[in-house]
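Participant: If you read the sequence shown in full-length UniProt numbering, its first letter stands for residue 1, the second for the next number, and so on.
Just so it is clear, CB atoms sit at the ideal spot from N, CA and C, and this is done for glycine as well.
Just so we're clear, the structure is a prediction, and the values are computed from it rather than from any experiment.
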Amino acid sequence: YSWTPLLVATTDNYVDLVTVLLQYHPAINIQNKGAGTALTLACKSGFVEITKALLNAGAYVNMMDKHGISNLIHAAQEGHTGVVEALLDRYADADMVDSQNKTALFRAIENGHTAVAKRILEVDPNLDTVTSAGETCLLEAVRRHNIELVSCLVKANVNINVVNRRGDTALHISISHQYKDIVEILLRNPHNSHLLYQPNKAGETPYNIDLTLEKSVL
């Protein structure tokens, strides 16, 4: 639980010092109380060179901190694309979840880090993991009006029929917010037209919601 020289050097992004310390084969996966391993610290701060050096020296890529957060999730939610790249190159598990059952992909979408999310999509992660609050990556991307990621998720065969706790589909949400561009993406495949008439728990269908709008989205 003490601050080792490696942890201190990592925290201050002293790349050269970390390189020297690693030559002496320190206990690389030791965790400081509350801070995690040196790799955790590097991932949270976006220190790409130190991340690579630690991984090359045998740091555990999928080790979680005491809060149950993986290195990939830390890097993804902070938008550190280079670190995410380094972790995925070492086969970091993109399907690991945190205490809220959120994956690295969800955290990236949630925080608006499109480039990170697209990089994670390249390793074919589970797209349909449901968070503790009943949300999925698609629903989050729609809610945040991230057109690019919605398109990427649909192309990656995300489950377009998924609903949140209110029974809302991605189409309910996009029509309610009048996101015409996203509605067009969701309905581009004729097989998805059934979603227009799928009621949520309040009995509202996307089609009926559209009828209540001052300007139709459909």
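(1) Using only the alpha-carbon positions, how far apart do GLN100 and THR131 sit?
(2) In this structure, does DSSP put GLY58 in helix, strand or coil?
(3) Please return the same chain residues whose Cβ sits closer than 6 Å to the Cβ of GLY82, not counting the five positions on each side in sequence.
(4) Which runs of the alpha helix (DSSP H) fall wholly inside the stretch 153-205 and span at least 4 residues, in chain order?
(5) With LEU213 and GLN178 assumed to form a contact (beta carbons below 8 Å), what rounded beta-carbon distance in angstroms separates them?
(6) For chain C, check one thing: does any of its Cβ atoms lie closer than 8 Å to the Cβ of THR131?
(7) Helix, strand or coil for SER151 per DSSP?
(8) Under 6 Å Cβ to Cβ from HIS80, same chain only, skipping five residues before and after it: list those, please.
(9) Mind checking who SER70 pairs with in its DSSP beta bridge?
(10) So, for CYS158: in the same chain, excluding its five sequence neighbours on each side, which residues have a beta-carbon less than 6 Å away from its beta-carbon?
(11) Is GLY82 helix, strand or coil by DSSP?
(12) Measure the beta-carbon distance from ILE73 to ALA104 and round it to whole angstroms, keeping in mind my assumption that it falls under 8 Å.
(13) Check for me: the alpha helix (DSSP H) holding PRO125 runs from which residue to which?
(14) In its own chain, which residues sit with a C-beta less than 6 Å from the C-beta of LYS180, not counting the 5 before and 5 after it?
(15) List the endpoints of the continuous alpha helix (DSSP H) containing GLU110.
(16) Using the C-alpha atoms, what's the distance from ILE182 back to ILE109?
(17) Over the uninterrupted alpha helix (DSSP H) stretch that includes ALA9, give me the two end residues.
Facilitator: Concretely, from the data shown:
(1) Here residue 100 refers to the residue found at position 100 when the sequence shown is read from its first residue. Here residue 131 refers to the residue found at position 131 when the sequence shown is read from its first residue. Spanning the two alpha carbons is a distance of roughly 6 Å.
(2) Residue 58 sits at position 58 when you count from the first residue of the sequence shown. GLY58: coil per DSSP, three-state reduction.
(3) Your numbering for residue 82 matches position 82 in the sequence shown. Contacts found: VAL48.
(4) 170-176 and 180-186
(5) Reading the sequence shown from its first residue, position 213 is the one you call residue 213. Reading the sequence shown from its first residue, position 178 is the one you call residue 178. Sure, about 7 Å apart at Cβ, within 8 Å.
(6) Among the protein chains of the structure shown there is no chain C, as only one such chain exists.
(7) As a first step, residue 151 is located in the sequence shown; it is residue number 151 there, counting from the start. Three-state DSSP puts SER151 in a helix.
(8) Residue mapping note: residue 80 aligns to position 80 of the sequence shown, counting from 1. Cβ within range, chain order: GLY46.
(9) The count along the sequence shown starts at 1 and reaches residue 70 at position 70. Answer is MET64.
(10) Residue mapping note: residue 158 aligns to position 158 of the sequence shown, counting from 1. The amino acid occupying residue 158 in the given sequence is Val; Cys does not appear at that position. For VAL158, where only same-chain residues beyond five positions count, the Cβ hits under 6 Å are LEU127 and LEU138.
(11) Locating residue 82 in the sequence shown gives position 82, counting from the first residue. Of the three classes helix, strand and coil, the one that applies to GLY82 here is helix, per DSSP.
(12) Looking up residue 73 in the sequence shown gives position 73. Looking up residue 104 in the sequence shown gives position 104. That pair is a contact at about 5 Å.
(13) On the sequence shown, residue 125 is found 125 positions in, with the first residue counted as 1. Where PRO125 is concerned, there is no enclosing alpha helix (DSSP H), given that its DSSP letter is neither H nor E.
(14) In the sequence shown, the residue the question calls residue 180 occupies position 180. If we look at LYS180 and ignore the five residues flanking it on each side, its Cβ neighbours are VAL217.
(15) Here residue 110 corresponds to residue number 110 of the sequence shown, with the count starting at 1. 104-110 is the span of the alpha helix (DSSP H), which, as asked, contains GLU110.
(16) What you label residue 109 is simply residue 109 of the sequence shown in a count that begins at 1. What you label residue 182 is simply residue 182 of the sequence shown in a count that begins at 1. For ILE109 and ILE182, the distance between alpha carbons rounds to 15 Å.
(17) Sequence index remark: in the sequence shown, residue 9 carries index 9 (1-based). ALA9 -> alpha helix (DSSP H) spans 5-11.
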